[in-house]
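Colleague: Encoded as structure tokens, here's the structure I'll be asking about.
2 protein chains.
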Amino acid sequence: MDNHLYQLDRAFGALADPTRRAIMARLAQGEASVGELARPFDMALPSLMKHIRVLETGGLVESEKQGRVRTCRLKPSGLKGVENWLTEQRAIWEARLDRLEAYATSLEKKARRKKRDGR
Amino acid sequence: MDNHLYQLDRAFGALADPTRRAIMARLAQGEASVGELARPFDMALPSLMKHIRVLETGGLVESEKQGRVRTCRLKPSGLKGVENWLTEQRAIWEARLDRLEAYATSLEKKARRKKRDGR
DNA sequence: TATATAGTTAGTCAAATGGATAACCATTTG
DNA sequence: CAAATGGTTATCCATTTGACTAACTATATA
């Protein structure tokens with residue numbers, strides 16, 4: 008329990024690599040086999056496999072094997088966690104900016120009032 | 008040129024650590040000095056400083072020093088890059104799902120027609 | 001059944017990461 | 001000016017990461 012913390016670690020970590028983001032982009036347009044995923048990259052298969060496993064443990068990709076070919080597909084719920092964290096942060100940050108702005112406006116009003124009433 | 012690729016690496020990488028995400032969360036509610044940021048963590052100052060530097064090179068945080076205290080603040084443009092990548096991916100992925108759905112519906116219609124016309 | 005195909009395991013290696021300590025500025029404060 | 005405060009540098013260390021090769025397993029295919 009509370010693994011979801013680590014899960015965010017792994018999801019963000021998984022996305023911190025251009026090869027893996029490229030794999031994600033490829034999978035966004037449809038599932039693919041390991042071989043298909045490997046082809047565009049100048050990289051040995053085992054290295055690429057490791058990337059796929061990283062994406063899987065990050066909860067971003069899932070795969071299943073039938074016969075000798077393993078088919079990978081995107082797991083949108085994984086990206087959801089990442090997006091949630093980001094929007095949460097932005098919410099906090101924007102709320103604070105709003106308070107700051109409100110405060111600034113109130114200061115301004117006060118200043119104007121003071122001026123009108125003869126400093 | 009094309010450093011923005013590496014920049015995404017660094018931004019995602021920076022967020023792949025709970026300490027650094029906590030720092031981000033703290034900064035979302037307002038700027039803070041290095042010492043203030045350090046206090047909640049059971050960690051030596053230099054270690055924490057390193058985290059701050061990682062966030063800075065990821066473009067997520069900026070800081071300036073006056074006197075002997077360095078004040079850190081969030082740099083929302085950094086998160087923007089990350090969010091952009093995510094929404095871009097989701098756009099591609101959703102577009103594909105839409106096409107898929109449209110295709111499925113057309114298949115269904117065809118089947119119904121066939122049935123009506125006597126198999 | 002022999003061969004080719006598609007992945008997988010195991011093991012090596014250099015570089016990067018996350019943490020620590022010790023010693024060192026530089027600016028306040030007493 | 002002496003001491004305390006806030007941060008910084010320089011090293012060090014264990015672990016993780018990203019890539020490789022070699023050897024292996026399991027399924028198709030000829």
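Top to bottom, those sequences are chains C and A. Per the numbering used here: the first sequence = residues 8 to 126. Per the numbering used here: the second sequence = residues 8 to 126. Where a beta carbon is used, it is the ideal one built from N, C-alpha and C, also for glycine.
Counting contacts by CB-CB distance shorter than 8 angstroms, is Leu-86(C) in contact with chain A?
Modeller: Yes - at least one Cβ of chain A is within 8 angstroms of the one on Leu-86(C).
Colleague: Measure the CB-CB distance between Ile-80(C) and Leu-44(C) and report whether it falls below 8 angstroms.
Modeller: The displayed chain sequence assigns Arg, not Ile, to residue 80(C). Going by C-beta atoms, Arg-80(C) is not nearer than 8 angstroms to Leu-44(C).
Colleague: Three or more beta-carbon pairs under 8 angstroms between the segment 96-113 of chain A and the segment 65-78 of chain A, yes or no?
Modeller: At 8 angstroms Cβ cutoff, the stretches do not touch.
Colleague: Could you please tell me which residues of the segment 14-36 of chain C, in chain order, have their CB closer than 9 angstroms to any CB of chain A?
Modeller: Here the close residues are Leu-15, Asp-16, Arg-17, Ala-18, Phe-19, Gly-20, Ala-21, Leu-22, Ala-23, Asp-24, Pro-25, Arg-28, Met-31, Ala-32, Leu-34, Ala-35, Gln-36.
Colleague: To the nearest angstrom, report how far apart Glu-69(C) and Met-56(A) are at their CA atoms.
Modeller: Cα to Cα, the separation comes out at about 37 angstroms.
Colleague: Which first and last residues belong to the alpha helix (DSSP H) in which Leu-44(C) is found?
Modeller: Here the alpha helix (DSSP H) through Leu-44(C) covers 41-45.
Colleague: Any C-beta of chain C within less than 8 angstroms: which residues of the segment 64-85 of chain A qualify?
Modeller: The residues in question are Leu-81, Pro-83.
Colleague: For Lys-82(C), collect the residues of the same chain with a Cβ closer than 7 angstroms to its Cβ; drop the 5 residues on either side in sequence, then sort them by chain order.
Modeller: These residues qualify, in order along the chain: Gly-66, Leu-67, Val-68, Glu-69.
Colleague: By the criterion of Cβ-Cβ separation under 9 angstroms, what are the contact partners of Arg-60(C) in chain A?
Modeller: By Cβ distance, chain A contributes nothing, its closest Cβ being about 16 angstroms from Arg-60(C), past 9 angstroms.
Colleague: Quick check on Glu-71(A): does DSSP put it in helix, strand or coil?
Modeller: Strand, per DSSP.
Colleague: Would you mind sorting His-58(C) into buried or exposed? The rule is 16 or more other CB atoms within 10 Å of its CB.
Modeller: Per the 10 Å Cβ criterion, buried.
Colleague: Roughly how many angstroms lie between the CA atoms of Gly-85(C) and Ala-18(C), to the nearest whole one?
Modeller: Computed Cα separation, rounded: 7 angstroms.
Colleague: Closer than 8 angstroms, Cβ to Cβ, to anything on chain C: give me those residues from the segment 90-102 of chain A, in chain order.
Modeller: Those would be Glu-90, Trp-92, Leu-93, Gln-96, Arg-97, Ile-99, Trp-100, in chain order.
Colleague: Would you call the CB atoms of Ser-40(A) and Val-76(A) closer than 8 angstroms?
Modeller: Yes; because the gap between Cβ atoms is below 8 angstroms, this pair is in contact.
Colleague: Output yes or no for whether 8 angstroms exceeds the beta carbon distance between Pro-25(A) and Asp-16(C).
Modeller: Yes, these two residues count as a Cβ contact at 8 angstroms.
Colleague: Along the chain, where does the alpha helix (DSSP H) that runs through Ala-29(C) open and close?
Modeller: Looking at the DSSP string, the run of the alpha helix (DSSP H) that includes Ala-29(C) is 25-35.
Colleague: CB Ala-32(A) to CB Ala-23(C), shorter than 8 angstroms?
Modeller: Their beta carbons are not under 8 angstroms apart, which means Ala-32(A) does not touch Ala-23(C) by this criterion.
Colleague: So the alpha helix (DSSP H) Met-56(C) belongs to, where does it begin and stop?
Modeller: Note, Met-56(C): alpha helix (DSSP H), 52-64.
Colleague: When you compare each of Asp-49(C), Trp-92(C), Arg-60(C) to Arg-28(A) by their alpha carbons, which one comes out closest?
Modeller: Closest option to Arg-28(A), Cα to Cα, is Trp-92(C).
Colleague: For Gly-42(A), collect the residues of the same chain with a Cβ closer than 7 angstroms to its Cβ; drop the 5 residues on either side in sequence, then sort them by chain order.
Modeller: None.
Colleague: Would you grab the beta carbon distance between Gln-36(A) and Arg-103(C) for me? Rounded to a whole angstrom, and I think it's under 8 angstroms.
Modeller: Right, the Cβ-Cβ distance comes to about 6 angstroms (below 8 angstroms), so this counts as a contact.
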